[in-house]
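What follows is a short report on a single structure.
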């Protein structure tokens with residue numbers, strides 16, 4: 059039986075050991091993650107901070123008034139989403155309240171770069187037109203007349219919900 063003493067043993071070089079690499083990897087991963095976070099923060103702007111809170115508050119009050127006006131007119135809508143096509147069927151208590159043109163705003167709750175504002179013309183409350191394909195997820199839909207007197211809002215989870223019913227009298 060052969061035994062080795064401490065003087066006979068040859069140590070492996072530090073770079074052939076596992077522990078130094080493990081200890082170097084931890085701060086290196088933190089630096090890489092920090093750089094990735096910085097790149098994401100610089101490239102994307104969330105736009106969630108509002109500078110003028112008073113002006114924003116007034117806009118909210120006007121929005122409520124426009125929804126109330128849609129309720130007073132007895133408006134309701136059925137929005138149908140089909141891949142690259144959108145169809146809106148608008149109903150009113152009095153047919154004379156149906157506009158000749160309709161502004162449809164499609165918004166993603168967190169990614170403003172995907173938002174679309176579409177203008178459709180129609181007859182007898184039916185408005186139809188093309189749009190860009192919407193990605194899967196939650197989408198917000200807003201209908202307004204061209205003079206922006208009234209407004210209705212709705213939401214859908216695409217691709218499972220392809221029909222959105224908007225009725226301001228129920229909200």
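Numbering (this note's numbering), first residue to last: 59 to 229.
Cβ coordinates follow ideal geometry from the N, Cα and C atoms, glycine included.
Fair warning: this is a prediction, and the values are worked out from it, not measured in the lab.
Q: Locate the beta strand (DSSP E) running through residue 159, then write down its first and last residues.
A: Segment 159-165, the beta strand (DSSP E) holding residue 159.
Q) Identify the residues that DSSP records as bridge partners of residue 194: which are they? A) Looking at the DSSP assignment, residue 194 forms no beta bridge with any residue, so it has no partner.
(Q) Between which two residues does the alpha helix (DSSP H) holding residue 76 run? (A) Annotation: the continuous alpha helix (DSSP H) that includes residue 76 extends over 76-101.
Q: Would you mind sorting residue 215 into buried or exposed? The rule is 16 or more other CB atoms within 10 Å of its CB.
A: By the Cβ-count criterion, residue 215 is exposed, with fewer than 16 other Cβ atoms from all chains shown falling within 10 Å of its own Cβ.
Q.
Tell me the rounded alpha-carbon separation between residue 139 and residue 97.
A. Roughly 35 Å separates the two Cα atoms.
Q: Examine the Cβ distances between the stretch 153-161 and the stretch 195-209 and report whether three or more of them are shorter than 8 Å.
A: Taking a cut-off of 8 Å on C-beta distances, the stretch 153-161 touches the stretch 195-209, as three or more cross pairs fall below it.
Q. In angstroms, rounded to a whole number, what distance separates the CA positions of residue 181 and residue 168?
A. About 34 Å.
Q.
Between the alpha carbons of residue 221 and residue 90, how many angstroms are there, rounded?
A. So the two alpha carbons sit approximately 44 Å from each other.
Q. Since residue 217 contacts residue 133 with CB under 8 Å, what's their CB separation in whole angstroms?
A. Actually they are not in contact, since the Cβ atoms of residue 217 and residue 133 sit about 27 Å apart, beyond 8 Å.
Q: Measure the beta-carbon distance from residue 210 to residue 135 and round it to whole angstroms, keeping in mind my assumption that it falls under 8 Å.
A: Under the criterion of beta carbons closer than 8 Å, residue 210 and residue 135 qualify as touching, at roughly 6 Å.
Q | Residue from 143, 128, 69 and 103 whose Cα sits closest to the Cα of residue 170 | A | Among 143, 128, 69 and 103, the Cα nearest to that of residue 170 belongs to 103.
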